[in-house]
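J.:
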Amino acid sequence: MDAIELLIHDHRRFEALYDAYERSRPTATDMEKRALVDRMIEGLTAHAFIEETIFYPAARQAVPQTTDHILESVEEHHVAAWLLSELRDLEPEDEKFDAKVAVLIEQMRHHQEEEEQDWFPEVRAAMGAHRLDELGQRMQAARDEAPADPLGVPSARS
Ligand SMILES: [Fe+2]
Ligand SMILES: [Fe+2]
Numbered sequence: 324m325d326a327i328e329l330l331i332h333d334h335r336r337f338e339a340l341y342d343a344y345e346r347s348r349p350t351a352t353d354m355e356k357r358a359l360v361d362r363m364i365e366g367l368t369a370h371a372f373i374e375e376t377i378f379y380p381a382a383r384q385a386v387p388q389t390t391d392h393i394l395e396s397v398e399e400h401h402v403a404a405w406l407l408s409e410l411r412d413l414e415p416e417d418e419k420f421d422a423k424v425a426v427l428i429e430q431m432r433h434h435q436e437e438e439e440q441d442w443f444p445e446v447r448a449a450m451g452a453h454r455l456d457e458l459g460q461r462m463q464a465a466r467d468e469a470p471a472d473p474l475g476v477p478s479a480r481s
């Protein structure tokens, strides 16, 4: 998979988790909620990490006009990282849990849609297939270095 295919493939996986959470929310046990949210924390943290450390800088260099979109995307990651970190430490029986998950899902759907519609196409057009393949391979390998802690993603502290 090239870099953009890899990121969009991740987005689809996350959407399946968001849908599963929303569908099961009325009847899910605390353990089921915990399991779904833990998968979101792990997946979204690694995804944000490879975007911030590899894809965003490469995209910004290839298409300087994407800079504003990328800066906004990083701020959205920042907010998501703190929400994920709070969710990691919150028990599903806490009355705030569902509300925090709902806000996370709403924000991430918006974020993913903006990436895919507003600026990934320009990056694809500007980078050749070879460069996108090479970035995809680096990003796949970098998943192993991703932090488990959402606050370990660079945007969390910036
Ligand atoms: Fe992102
Ligand atoms: Fe993304």
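In the numbering used here, the protein residues as written are 324 to 481. Where a beta carbon is used, it is the ideal one built from N, C-alpha and C, also for glycine.
1) Could you work out which residue in D333, T352, A465, A343 is closest to E416 when comparing CA atoms only?
2) Please list, in chain order, all residues of the same chain as Y379 whose beta carbon is under 8 Å from its beta carbon, the five residues on each side excluded.
3) Are the beta-carbon atoms of F372 and A469 separated by less than 8 Å?
4) Is E374 near ligand 1, with its Cβ less than 7 Å from a heavy atom?
5) Just to check, is the beta-carbon of A479 closer than 7 Å to a non-hydrogen atom of ligand 1?
6) Between the C-alpha atoms of E457 and G451, what's the straight-line distance to the nearest angstrom?
7) For A404 versus S478, is the C-beta spacing smaller than 8 Å?
8) Under 7 Å: does the beta carbon of E328 sit that close to some heavy atom of ligand 2?
T.: Taking the coordinates as given:
1) T352
2) I393, S396, V397
3) yes
4) yes
5) no
6) 10 Å
7) yes
8) no
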